[in-house]
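Chains as they are written, first to last, in the UniProt record's numbering: chain S, 1 to 287; chain D, 1 to 588.
First comes the structure, then the notes that go with it.
The structure is reproduced here in structure tokens:
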């Protein structure tokens with residue numbers, strides 16, 4: 001059995017106090033709790049502070065391009081369905097340049113878990129407006145306050161047919177670990193949006209802010225996480241200041257389960273032998 | 001020139017022109033002839049003019065031929081656009097259902113008006129006018145209705161004997177009508193000896209089959225003319241070999257998926273055309289620096305931007321060779337005929353894994369979408385080589401975390417690669433510069449070491465021959481081309497050689513690593529070098545100038561970028577003029 005130490009790689013160089021430390025710790029704990037071995041797991045990330053997660057996580061990793069973690073993660077899972085695949089990125093990475101892939105990965109229902117470290121700001125490029133920056137928030141690129149509506153990832157995911165939609169918070173390692181475990185165990189695409197404060201560039205969406213405002217639906221026994229419209233109502237009423245599993249539908253079949261001709265055995269484990277007999281079968285249509 | 005027969009059918013797009021062309025070409029192929037086809041079509045679904053040409057020869061060619069002997073017109077536009085191509089003694093067959101048909105005055109062409117639609121109606125359905133026209137054609141070129149039977153059975157057998165019989169009857173009726181009403185005949189070339197293992201196949205289909213035989217098991221692609229057929233073919237065949245196809249949301253996703261699959265140990269590719277290739281440039285660099293194998297098929301079309309989506313060109317050469325920021329090693333192969341589309345694609349997977357870098361296979365619409373006879377495909381000579389994959393045993397011997405995925409010590413610049421799932425093989429593939437273990441870093445010395453390591457990979461590359469030469473030793477006139485232009489240019493070469501010109505033909509099979517050593521002798525010995533390519537700036541010619549020292553004034557270009565493929569005569573005229581100018585120099 002692997003331990004936390006087995007899932008540790010390089011020492012992170014995030015700013016002291018960064019919310020991403022908790023995300024990494026939660027992912028490591030979740031992997032251990034599920035009983036994964038480091039070589040059975042692949043963490044694929046995009047670019048930005050969040051993108052560095054793949055280097056610090058002791059699993060196999062792919063630190064890809066800005067906004068492009070999901071197509072890579074999709075292919076890793078399709079190439080070897082025996083692997084546990086986690087994609088990770090930030091709000092700029094995933095909901096800005098990567099928005100197209102985000103919607104399509106959910107539509108396909110690929111069996112991967114997507115962690116978005118949402119700090120409402122571009123961190124590594126030093127503090128510009130991000131797709132989730134609150135309307136009116138002042139940044140280097142919106143000194144008078146952002147005029148655009150922020151994107152609403154939770155509502156979008158539910159409407160796009162995502163079967164597991166949750167939100168976590170870097171100030172609550174225990175809950176975040178549970179969410180990641182359940183997300184990984186969900187067969188299909190799971191989105192976990194994580195409020196992960198940027199202590200350097202975002203002075204509004206801070207730990208104190210979240211402590212004061214977040215409501216945890218996991219504590220609410222009356223909350224029905226199978227009702228997608230109730231989920232959207234709840235998220236909007238709370239102005240997205242919620243944590244927990246907001247929507248879960250385990251009945252949807254994952255992409256690789258419904259594909260015609262998709263092999264039982266992981267494609268990566270099949271040998272590449274191609275026989276004369278197979279060739280004759282292919283060639284006959286050209287004779 | 002090769003003795004041939006050129007036959008063309010034209011009509012409105014959506015009228016079954018493609019299938020008419022296909023039935024004719026496949027029938028002649030099965031009789032043992034070599035066929036070479038060309039589809040002229042527009043970027044719309046219905047309406048507009050479309051036509052399909054079939055060239056029939058008794059030897060193999062890579063060109064659809066200049067001459068037109070028989071034109072089959074389903075509408076007036078076909079006559080307007082194509083009549084002028086008919087040679088003296090040629091035949092125009094047109095449907096009398098064309099109202100007030102007007103035919104240009106020309107007493108050297110045989111005009112055969114046939115009530116194609118009417119006869120088809122009598123035979124059961126007006127849509128069988130194409131079958132009636134097969135019968136008319138058969139009567140003119142000395143075939144029998146029975147010569148079309150096997151194709152009719154294959155195409156319509158699934159719909160029942162009745163449908164087959166009525167189609168055969170339609171062919172017979174057309175045949176009888178022509179025999180009664182027309183005396184024009186056109187002679188077919190000599191029928192070659194029928195050899196087994198020949199295929200009637202397009203470049204796109206050959207690429208697809210080559211990919212499957214080469215071990216590709218995940219295709220991620222976004223639809224784009226003229227590369228879409230690759231996806232169709234692979235979707236059809238993958239269930240038999242256990243692979244999967246993803247229709248990606250865009251070309252960026254397609255190439256990233258292909259990279260992701262290769263990283264996971266599954267041979268994967270994407271196929272696209274110019275606009276899609278442009279979108280893939282950032283990912284190409286990622287594959288290069290992360291040393292992840294990648295195969296991209298670029299079926300070139302006319303650019304720039306969306307350009308002419310249904311027309312051919314060879315103008316992505318700079319993009320393939322130099323596209324993407326920064327510097328990475330890469331391999332660019334340029335199949336010169338349909339057979340090479342198969343073998344080069346197969347080999348591309350070996351090369352991508354052997355050198356852990358991107359491999360681009362460059363075809364074009366002309367070769368990709370048109371079918372022709374391929375002499376033989378013997379894939380037995382092909383072996384799968386997965387390159388430096390580290391074994392589980394090797395990994396077990398290492399100390400934990402000591403695996404150097406990007407080890408700089410190997411002389412050939414290629415380090416061992418592990419695959420997710422391998423214990424103790426953990427590493428991070430990344431677009432950032434990294435050290436030998438794979439940790440992101442910015443130290444100048446280590447950066448230089450990693451750059452140099454990657455650059456070493458292709459220094460001694462000799463896996464695929466860079467070029468083929470035929471012709472006189474020390475030929476004065478050298479004809480150079482790449483890709484699909486090798487077919488027509490070979491005919492020009494043969495014509496000139498038969499005339500006694502001191503000529504050679506050099507066809508480039510690989511753009512990167514550029515085959516400088518292999519070709520510089522031929523270039524330096526020649527007095528004039530004519531480079532034929534389908535673009536407006538002479539991209540290949542400029543590469544020759546860049547890579548080969550010597551007299552750059554000897555280079556001449558033969559260029560076409562109208563969207564239509566070259567005629568052999570257009571190249572011949574240019575080459576002949578150069579040959580004549582050389583002769584004059586000698587006499588002066």
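By construction, the Cβ of each residue, glycine as well, lies at the ideal position given by its N, Cα and C atoms.
The structure displayed is predicted, hence computed values, not measured ones.
- Nearest CB-CB separation between residue 62/S and chain D: below the 8 Å threshold.
- If you draw a straight line from the Cα of residue 136/D to the Cα of residue 171/D, it comes to about 8 Å.
- Beta-bridge analysis with DSSP links residue 554/D to no other residue.
- No Cβ-Cβ contact shorter than 8 Å links residue 228/S with residue 160/S.
- Taking C-beta atoms under 8 Å as the contact rule, residue 293/D and residue 60/S fail to qualify, at a distance of about 16 Å.
- Against chain D, the CB of residue 7/S has no partner CB under 8 Å away; the residue lies outside that interface.
- Proximity of the stretch 555-565 of chain D to the stretch 494-510 of chain D falls short of the contact definition, fewer than three beta-carbon pairs being nearer than 8 Å.
- Residue 87/S has its alpha-carbon roughly 21 Å from the corresponding atom of residue 423/D.
- In the three-state scheme derived from DSSP, where H, G and I count as helix and E and B as strand, residue 14/S is classed as coil.
- Taking a C-beta distance under 8 Å as the contact criterion, residue 75/S and residue 260/D qualify as a contact pair.
- Taking the beta carbon of residue 197/S as reference, no residue of chain D falls within 7 Å; the closest one sits roughly 24 Å away.
- The closest CA to that of residue 176/D, considering only 516/D, 225/D, 200/D and 116/D, is found on 116/D.
- Contacts with chain D at 8 Å (Cβ-Cβ) do not include residue 209/S.
- In the three-state reduction of the DSSP assignment, residue 67/D falls in the coil class.
- The C-alpha of residue 80/S is placed about 19 Å away from the C-alpha of residue 34/S.
- According to DSSP, residue pairing for residue 247/D in a beta bridge involves 221/D.
- Every alpha helix (DSSP H) of 4 residues or more that sits fully in the stretch 164-244 of chain S is shown, in chain order, as 173-185, 207-213 and 228-237.
- Assignment of alpha helix (DSSP H) within the stretch 4-87 of chain D, counting only whole runs of 4 or more residues, yields 17-30 and 76-82 in chain order.
- Proximity to residue 220/S across 209/S, 256/S, 212/S and 234/S peaks at 234/S, based on C-alpha coordinates.
- Beyond the five residues adjoining it in sequence on each side, residue 48/D comes within less than 6 Å, by CB distance, of 13 and 42 in the same chain, given in chain order.
- The beta carbon of residue 93/S does not come within 8 Å of any beta carbon belonging to chain D, so the residue lies off that interface.
- At a cut-off of 8 Å between C-beta atoms, residue 430/D counts as an interface residue with respect to chain S.
- By the CB criterion at 8 Å, residue 377/D and residue 199/D fall inside the cutoff.
- Of the other Cβ atoms in all chains shown, fewer than 16 fall within 10 Å of the Cβ of residue 253/S; this residue is therefore exposed.
- Closest by C-alpha distance to residue 335/D, out of 446/D, 503/D and 365/D, is 365/D.
- With respect to residue 70/S, residue 51/S sits apart: the two C-beta atoms are not nearer than 8 Å.
- DSSP places residue 493/D in the helix class (H, G or I) of the three-state scheme.
- Taking a Cβ-Cβ cut-off of 8 Å, the neighbours of residue 270/S in chain D comprise 217 and 242, given in sequence order.
- Per DSSP, reduced to three states, the secondary structure at residue 43/S is strand.
- Exclusion of the five residues before and after residue 247/S leaves 158, 165, 225, 228 and 231 as the residues of its chain whose Cβ lies within less than 7 Å of its Cβ.
- Burial is judged here by how many other beta carbons sit within 10 angstroms of a residue's own beta carbon; residue 515/D has at least 16 and is buried.
- Residue 497/D sits away from residue 345/D, with the two beta carbons spaced by 8 Å or more.
- Between the stretch 219-238 of chain D and the stretch 385-398 of chain D there are fewer than three inter-stretch CB-CB distances shorter than 8 Å, so the stretches are not counted as touching.
- Counted as a single uninterrupted DSSP element, the alpha helix (DSSP H) harbouring residue 69/S occupies residues 69-79.
- Of the residues 138/D, 443/D and 145/D, the one whose Cα lies closest to the Cα of residue 165/D is 145/D.
- Rounded to the nearest angstrom, the Cβ distance from residue 270/S to residue 242/D is 5 Å, consistent with a contact under 8 Å.
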